[in-house]
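Novice:
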């Protein structure tokens, strides 16, 4: 998880990466190929050759800049440098720079061999830029690498320190494991049957709880009370990612399961303040700590989205239209999902605080603390709803502005079209020549009449407000 603020200049690098995207680099590659073919196919003047060289070097500089920006933004720079497509980029850039070495003579620079190398370099640029799908697939494969399953245990004490244990320790826990919290990160699918049996539920229920289609809920069973939560976090790309966590507890022990990598023990142990619940057993205190952690995560995400909403409000009219809609529509979608999660989490906390749900370890004296958590969830829910309403209003305002600008263009086209009808009708009635026609009209008279007709129409449009 990366909740730390980005380093200085990170936003500028992100902006440069958005500008130098795969589409732009593909266009530059095609332009480089065309420029490389011009001297080989046509006899050009020295001025044209100089202009072609200048544009080619500009394209090479942009490819070098794109390579440097990508390297600075890469999470794993070694993997970035060793990527075959990035090696191809580096070869193309280095080949262009090599032609500037002092030992390369002017004769070689203008020879057909160097022209062939320029064409090859441009073709390689195009090959790299045309492999957008390969880039995206390789990135998704790299991010989708399976992380080994980890099992750890947390025991009560003054200093909470998780310890790694074997999977069998969770399955064979007995009375000696009282007040222990087991956490399983990156749960293997072939362990789902054993995990479901340990949690007192079916495999289908476990898959639903840890799947992408799950939602926060609470279920009270004979052996355990299970709570399904979503823990939001920021990935290295500063995108919001939700990690589903299943919590199963009773008055003796607690264990949590996650199909994704999650250091839940470390996150809870690093919380600055303890849970002020008097006379609560260790499993109960840890359950409340996890609920508090979930609210803190949602608070961070809501604050981030609120800041993004303010930025769009301040710069909405200065942002380019495509960029505005590309950023606001996904933001609206994330707000919708976040509001749904908070609505369900608020319902869980309210049910626990009001005593509608009786689960293992819950004591009536804990309800005041649960009411505080429920109030925090309700505040976050209302905040997300307000941010979403403000964003929708901002999108509607931008759509209205775009529609208004389009109407102005259409009105201008209508005015020009109607004004053009006057000389067109006059020309159709009188023909191309006035001499020899049976009416005593001269060309200046016809031009004056056409001008007066057009001025009259302009006055009509002015009165209607179409010229404002």
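Residue numbers (the working numbering): 500 to 967.
Beta carbons are placed, not taken as given, at the ideal position from N, Cα and C, and that holds for glycine.
Being a predicted model, the structure only gives us computed values, none of them experimental.
1) Taking residue 727 as part of the beta strand (DSSP E), name the residues at either end of that continuous run.
2) What alpha helix (DSSP H) runs, 4 residues minimum, are completely inside the stretch 746–788?
3) With DSSP collapsed to three states, give me the class of residue 679.
4) Restricting to Cα atoms, I'd like to know which of 791, 844 and 569 is closest to residue 511.
5) Rounded to whole angstroms, how far is the Cβ of residue 648 from the Cβ of residue 686, which I believe are closer than 8 angstroms?
6) Going by the beta-carbon positions, is the gap between residue 684 and residue 761 smaller than 9 angstroms?
7) Quick check on residue 651: does DSSP put it in helix, strand or coil?
8) Going by DSSP, what residue range makes up the alpha helix (DSSP H) through residue 646?
9) Rounded to whole angstroms, how far is the Cβ of residue 844 from the Cβ of residue 883, which I believe are closer than 8 angstroms?
10) So residue 565 is in the alpha helix (DSSP H); what residue range does that whole segment cover?
11) Out of 767, 953, 782 and 809, point me to the one whose CA is closest to residue 795's CA.
12) Does the beta carbon of residue 889 fall short of 8 angstroms from some heavy atom of the ligand HEM?
13) Write down the C-beta distance between residue 558 and residue 589 rounded to the nearest angstrom, noting that I regard them as a contact closer than 8 angstroms.
14) Is the beta carbon of residue 896 sitting closer than 9 angstroms to the one on residue 827?
15) Pair every Cβ in the stretch 743–758 with every Cβ in the stretch 797–813, then say whether three or more of these pairs are closer than 8 angstroms.
16) Give the C-beta separation of residue 678 and residue 654 to the nearest angstrom, bearing in mind that I take them to be a contact with Cβ-Cβ under 8 angstroms.
17) Assuming residue 949 contacts residue 921 under a Cβ cut-off of 8 angstroms, what Cβ separation, rounded to an integer in Å, is found between them?
18) Going by DSSP in three states, residue 950 sits in which element: helix, strand or coil?
19) Please work out which residues of its chain come closer than 7 angstroms, Cβ to Cβ, to residue 797, disregarding the five sequence neighbours upstream and downstream, and give them in chain order.
20) Where do the N-terminal and C-terminal ends of the beta strand (DSSP E) with residue 576 fall, by residue?
21) Whose CA, out of 711, 726 and 725, lies closest to the CA of residue 742?
22) Can you give me the Cβ contacts of residue 983 inside the same chain, cut-off strictly under 6 angstroms, excluding the 5 residues immediately before and after it?
23) Rounded to a whole number of angstroms, what is the C-alpha to C-alpha distance between residue 634 and residue 822?
24) Could you check which residue in 783, 924, 524 and 799 has the C-alpha nearest to that of residue 565?
Specialist: By the coordinates alone:
1) Segment 724–733, the beta strand (DSSP E) holding residue 727.
2) Qualifying alpha helix (DSSP H) stretches, in chain order: 763–768.
3) In the structure shown, residue 679 sits in coil (DSSP, three-state: anything other than H, G, I, E or B).
4) That would be 569, whose Cα lies nearest to the Cα of residue 511.
5) Yes, residue 648 and residue 686 are in contact; Cβ-Cβ is about 6 angstroms, under 8 angstroms.
6) Yes, they are a contact pair.
7) Residue state, collapsed to three classes: strand.
8) Note, residue 646: premise wrong, no alpha helix (DSSP H); not H, not E.
9) Residue 844 to residue 883, Cβ: 12 angstroms. No contact.
10) Taken as a continuous stretch (DSSP letters only), the alpha helix (DSSP H) holding residue 565 covers 545–572.
11) When each option's Cα is compared against that of residue 795, the closest is 767.
12) Absent from the structure shown: the ligand HEM. Ligands present: none.
13) Not quite, the Cβ-Cβ distance comes to about 16 angstroms (not below 8 angstroms), so this is no contact.
14) Contact flag unset, no.
15) Fewer than three pairs of CB atoms, one per stretch, sit closer than 8 angstroms, so the stretch 743–758 makes no contact with the stretch 797–813.
16) Confirmed, Cβ separation roughly 7 angstroms.
17) That belief holds up - the Cβ atoms of residue 949 and residue 921 are roughly 5 angstroms apart, short of 8 angstroms.
18) Annotated three-state conformation of residue 950 is helix, per DSSP.
19) Non-local beta-carbon contacts of residue 797 in its own chain, meaning distances under 7 angstroms to residues more than five positions away in sequence, involve 731, 841 and 879 in chain order.
20) From DSSP, residue 576 is part of no beta strand (DSSP E) but of the alpha helix (DSSP H) over 576–581.
21) Closest option to residue 742, Cα to Cα, is 711.
22) No answer is possible for residue 983: the residues shown for the chain start at 500 and end at 967.
23) Reliability of the predicted coordinates at residue 634 is poor, the pLDDT of 44 falling under 50, and no value is obtained from them.
24) Closest by alpha carbon: 524.
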